[in-house]
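A short write-up of the structure that comes next.
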Amino acid sequence: MQYTEQELVRREKLKNIPNPYPEKYEITHELKDARKLEDGTQNIKVAGRIIFMRKMGKMSFITIGDVEGRLQLSFKLDTLGEEKYNFFKTNIDIGDFIGAEGEIFTTQTGEKTLRANNFTFLGKALKPLPEKFHGLEDIETIYRQRYVDLIMNEDARKKFLFRSKLIKEIRNYLDSIGYIEIETPILSNKASGATAKPFITHHNALDIDFYLRIAPETYLKRAVVGGFTKVFEIARCFRNEGMDASHLQDFTMLEAYGAYLNYKDNMNLTRNMIQTIIQNIFGTLKITFGDKEVDLSGEWEAVSFRELLLKYCDIDLNIYNTKEKLLAEIRRQNIDIDSEVPLENLGYGNMVDQLYKKVARPNVINPIFLTEHPIDLSPLARANDDNPNITDRFQLVINGAEIINAYSELVDPIEQQRRLQVQAELKAGGDEEAMPMDTEYIEAMEYGMPPISGWGMGIDRLVQLLTNSKNIKDVVMFPLMKPLGKKEVHIEKTNKTIDFSKVVVEPLFTEEVNFETFSKCDFRVVKVKDCEAVAKSKKLLKFTLNDGSDKDRIILSGIHTYYEPEELIGKTLVAITNLPPKTMMKIDSCGMLLSAIHEEDGEEKLNLLMLENNIPAGAKLY
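622 is the number that the working numbering gives the last residue of the sequence shown; the numbers go up by one with no jumps.
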């Protein structure tokens, strides 16, 4: 392993420290509490990481910190003695851990400080921290090295402290109204509880495939069968779909189920819970997200699927009530819906859902309860008594994001079996998100279920909303990232020796194009600021680019088969920037990245054009 000069120096200092990694250190106060002590308070023992240090001749100042507090320490030669003071100056660096004891006082500048009469070395940092005023700036490094981001970035620390507080408030609220927290399996022989594509793993001991949990729903309802009338779980869930700024493949879900309740009861519970916890945390029900103010106060409007679609695209679900009719009308209106599964392969319910997400959901700012979902979009929900084509269900939508999904549960095992059979047929027909038949769940239902209403809430997405975060990875402490070593594999593949006898390229065009026509295309050098997979797309990558202007450029490119997004961050590419925007997967793509394509052994190969990094963004190609 190669070390920098600074790292070598720090390793050399280890030789001078008798015990660089001691077992423990007894403190009397947390740093945040020590700052509140009165001047003159003695025998105070604190500990933390050194985040600032100013070494002088006979007196030095350091600042130590942890996730919740900071405290200045003063070290004096005549107090510590020459040997210990010189040891400090010679061997201690920013990033090291230290314990100190002494007396609290306030400096002339008003800074609460511990006057140390003794200190203990508690841990050597062998790598230096980033420069104080900049910290980590590369977004990929922030996600990969969150621990460094937490050291340097107060905003990051506040987000995760907020997340912890929010979950605590949720638990307290549900406990206060009689809900019991239980745990359900993460591995299951059926991917049940939601319409989503699962992760599959193999159980060696049993020699069968299992699925990572996509939702805890069916197991929580089994607990209700067993007599638990109100249950909830804060569950880690996994869905093998794309990632974007609001979706993750592994995420935290809160699900709760109450016997003898219906979905309207859960509307009231949802509003009361959200308003209670937000008021407790913020002291207000008006939350700013970007340039929008979201008002969570008062009653929240209930709007049906039909009403919302009529408002934004004039499609009446009472008229377009079959898959064929709806598909024809979508195409007649030229509504561009980017779905990984071709629209014609979707069931009616999923087609309605895709349409709603395209034309309606982005326009919802203040909270609404979206109701009256098509029945085949909700295979586990109870049909409405007055209209069997819709379900007793709602989704809480805030600022264009679905926060909570809830419904009156289907408790009829015969009808449940029929609906799951329909789902199984859709799955066989190509709808990968349709649910499989789950005979074990049907068997549990046959022992008898009371009326139930349940709901689920994405914890990550709620935290993202309430912390005004642009990317959901900003509120997940350690988001899933591709291992860095994987980049090297791709580089090796692209740089391998090519047998050109097996290479086939397209013939050159014979039709000439005049210079004036060519010059209308604006070819620009662009720098990749961020790159991520597009949710529910196998091929698309979303690039955030610096094109030399003062505004980020978004371009989508169908090259995920050839590249992983992480390996493209920081690269210098070429784009055509004056093409008209094209909407794909609900995202406007403004331009085209240039790639070279050839055929090798009958397989298409693609190489994204990359330039030297010393070429500035915005440079025009002629």
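Beta carbons: idealized from backbone N, C-alpha and C, even for Gly. Keep in mind that this is a model prediction, so the values were computed, not measured.
As assigned by DSSP and simplified to three states, the class of residue i
i: Gly110; result: coil
i: Gly48; result: strand
i: Ile442; result: helix
i: Gly349; result: helix
i: Lys496; result: Confidence is the limiting factor: at Lys496 the pLDDT is only 48, short of 50, which leaves the residue's position unreliable and the question unanswerable from this model.
i: Tyr88; result: According to the sequence as given, residue 88 is Phe; it is not Tyr. Three-state DSSP puts Phe88 in a helix.
i: Met584; result: strand
i: Thr623; result: This structure leaves residue 623 out entirely; the chain is present only between 1 and 622.
i: Arg382; result: coil
i: Glu612; result: coil
i: Ala328; result: helix
i: His598; result: strand
i: Ser164; result: helix
i: Ile177; result: coil
i: Val476; result: coil
i: Glu488; result: Bear in mind that a pLDDT of 38 at Glu488, under 50, signals an unreliable position, so the number given afterwards is only what the model happens to contain. If DSSP states are grouped into helix, strand and coil, Glu488 belongs with the helices.
i: Met449; result: coil
i: Thr391; result: strand
i: Leu541; result: strand
i: Thr577; result: coil
i: Lys124; result: coil
i: Thr270; result: helix
Of the listed residues the options, nearest to residue i (C-alpha basis)
i: Gly258; options: Pro580, Asp547, Gly458 and Glu409; result: Glu409
i: Met435; options: Val364, Arg419, Met445 and Glu293; result: Arg419
i: Glu255; options: Ile180, Glu307, Ile277 and Ser188; result: Ile180
i: Leu31; options: Glu23, Gln2, Glu101 and Gly95; result: Glu101
i: Met623; options: Gly65, Pro22 and Leu77; result: This structure leaves residue 623 out entirely; the chain is present only between 1 and 622.
i: Val476; options: His29, Arg144, Ile94 and Asp601; result: Arg144
i: Asn123; options: Asn19, Lys542, Thr288 and Ile403; result: Correcting the residue identity first, residue 123 is Gly in this sequence and not Asn. Comparing Cα positions, the closest option is Asn19.
i: Asn268; options: Glu301, Met243, Ser378 and Lys58; result: Glu301
i: Leu166; options: Glu137, Gly458 and Ile414; result: Gly458
i: Asn614; options: Gly570, Gly99 and Glu566; result: Gly570
i: Leu484; options: Glu68, Tyr21, Asp39 and Glu140; result: Glu140
i: Val526; options: Lys539, Tyr563, Pro367 and Ile555; result: Ile555
i: Gln42; options: Glu103, Thr201 and Asp412; result: Glu103
i: Met610; options: Lys536, Arg524 and Lys582; result: Arg524
i: Asp438; options: Tyr320, Thr252 and Arg222; result: Arg222
i: Phe118; options: Asp386, Lys84 and Ile94; result: Going by the sequence as given, residue 118 is Asn instead of Phe. When only C-alpha atoms are compared, the closest one is Lys84.
i: Ser549; options: Gln464, Pro616 and Pro216; result: Pro616
i: Pro388; options: Glu324, Asn318, Gln333 and Met351; result: Asn318
i: Val463; options: His29, Gln2 and Phe162; result: Phe162
i: Leu308; options: Val341, Lys190, Lys358 and Asn384; result: Lys358
i: Ile200; options: Tyr211, Lys190 and Asp207; result: Tyr211
i: Asp392; options: Asp209, Gly454, Gly95 and Tyr320; result: Gly454
i: Val148; options: Asn204, Ile182 and Pro130; result: Pro130
Which residues DSSP lists as bridging residue i, in chain order
i: Glu293; result: Thr288
i: Gly454; result: Tyr257 and Tyr407
i: Asn546; result: Lys527
i: His203; result: Ile208
i: Glu511; result: Note: Glu511 sits in no beta bridge, so no partner.
i: Ser188; result: Tyr211
Under 9 Å between C-beta atoms of residue i and residue j
i: Arg553; j: Ser246; result: no
i: Phe238; j: Ile214; result: yes
i: Thr63; j: Phe52; result: yes
i: Met592; j: Ser557; result: yes
i: Leu380; j: Gly618; result: no
i: Leu248; j: Ile472; result: yes
i: Leu545; j: Lys529; result: yes
i: Asp398; j: Pro374; result: According to the sequence provided, residue 398 is Ile. The question's Asp does not apply to it. Cβ atoms of Ile398 and Pro374: not closer than 9 Å.
i: Val574; j: Leu606; result: no
i: Pro565; j: Cys531; result: yes
i: Asp338; j: Leu377; result: no
i: Ile234; j: Ile170; result: yes
i: Glu344; j: Leu327; result: yes
i: Ile442; j: Gln417; result: yes
i: Glu68; j: Arg10; result: no
i: Lys197; j: Glu154; result: no
i: Phe394; j: Ile404; result: yes
i: Ala47; j: Thr79; result: no
i: Val303; j: Asn366; result: no
Proximity test, residue i beta-carbon vs the ligand HEM heavy atom, cut-off 8 Å
i: Leu31; result: The ligand HEM is not among the ligands present in this structure, which contains no ligands whatsoever.
Test: residue i CB closer than 9 Å to a CB of chain C
i: Gly40; result: Looking at the structure shown, chain C is missing, and only one protein chain is on hand.
**Study point:** Segments of 3+ residues assigned as beta strand (DSSP E) that fall wholly inside the segment 216-268
**Key:** Segments of the beta strand (DSSP E) lying fully in the segment 216-268: 230-238 and 250-259.
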